[in-house]
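Asks:
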Amino acid sequence: MIEERARVLSVEQGAAWVETIRRSACDTCQARNGCGQSMLQRLGLGARHGFVRVLSHGADCRVGDEVLIGIPEHAVVQGSALVYLAPLVALFAGSLAAQASGAAEPWVILAGLSGLGIGFAAVRWRGRRWEHDPAFVPRVLRRVTDGAGVVSDIREGSG
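Counting the sequence shown from 1 gives a position; my numbering is that position plus 1.
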């Protein structure tokens with residue numbers, strides 16, 4: 002399970018909207034002194050707020066609570082494979098099919114771009130089906146408190 006801390010912004014039946022802070026991994030990177038991403042992180046420009054709808058079945062959470070949200074690793078792996086591989090496979094399939102049929106180079110390029118578009122359409126279609134599958138939707142794991150119950154980088158009224 003991949004986990005992230007968040008603050009509850011609103012609660013609805015069986016779900017909640019939460020705010021997270023996305024960060025880079027600059028603190029653990031060996032090249033952080035010569036990296037532009039590290040400089041942006043130090044200036045405060047690398048962190049972005051993310052607003053996510055999560056399932057909250059069985060979790061008693063209220064607006065302002067800090068919670069731990071999670072999504073199964075298989076959902077991230079399958080989603081990444083779909084987003085990156087489907088368009089590439091479709092691009093190559095379209096190009097190779099046109100080339101095998103003896104088409105001229107402009108038609109091979111057009112067939113490849115058409116395949117790429119079909120790949121993106123397949124990703125969109127599959128993504129819409131997954132958005133209603135609880136196995137692919139983040140969920141509230143539990144409420145979190147640190148000392149006074151404050152998540153250090155998520156503050157009221159930020160954004």
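Using N, Cα and C, we set each Cβ at its ideal position, and we do this for glycine too.
Going by C-alpha to C-alpha distance, which of 2, 21, 4, 3 sits closest to residue 10?
Replies: 21
Asks: Exposed or buried, residue 134, counting other C-beta atoms within 10 Å across all chains shown (16 or more means buried)?
Replies: So residue 134 ends up on the exposed side.
Asks: Ignore the nearest five residues each way along the sequence and tell me which others in residue 116's own chain have a CB closer than 6 Å to its CB.
Replies: Closer than 6 Å at Cβ, skipping near neighbours: 91, 92, 94, 95.
Asks: Does DSSP put residue 132 in a helix, in a strand, or in coil?
Replies: coil
Asks: Could you give the residue range of the alpha helix (DSSP H) that holds residue 80?
Replies: 74-101
Asks: So is residue 88 buried or exposed if we call it buried at 16+ other beta carbons inside 10 Å?
Replies: buried
Asks: Let's test the definition: count the other Cβ atoms within 10 Å of the Cβ of residue 61 and tell me whether it reaches 16, buried, or not, exposed.
Replies: exposed
Asks: Cutting at 8 Å between CB atoms, please list the residues of its own chain near residue 4, excluding the five before and the five after it.
Replies: Hits under 8 Å: 69, 70, 71, 142.
Asks: Taking its Cβ as the centre, do 16 or more other Cβ atoms sit within 10 Å of residue 139, making it buried, or is it exposed?
Replies: It counts as buried.
Asks: Note down, in chain order, each residue of its chain lying with its Cβ closer than 7 Å to the Cβ of residue 127, except the 5 sequence neighbours on either side.
Replies: 83
Asks: Can you give the Cα-Cα distance for residue 105 and residue 114, rounded to whole angstroms?
Replies: 15 Å
Asks: Measure the alpha-carbon distance for residue 109 versus residue 86 and round it to whole angstroms.
Replies: 20 Å
Asks: Given a cut-off of 8 Å, decide if residue 76 and residue 122 are closer than it, judged by their beta-carbon atoms.
Replies: no
Asks: Looking at the secondary structure, which residues open and close the beta strand (DSSP E) in which residue 11 lies?
Replies: Here the beta strand (DSSP E) through residue 11 covers 3-13.
Asks: Could you give the first and the last residue of the continuous beta strand (DSSP E) run that contains residue 140?
Replies: 140-144
Asks: Compare the Cα-Cα distances from residue 81 to each of 99, 56, 103, 131 and report the closest residue.
Replies: 131
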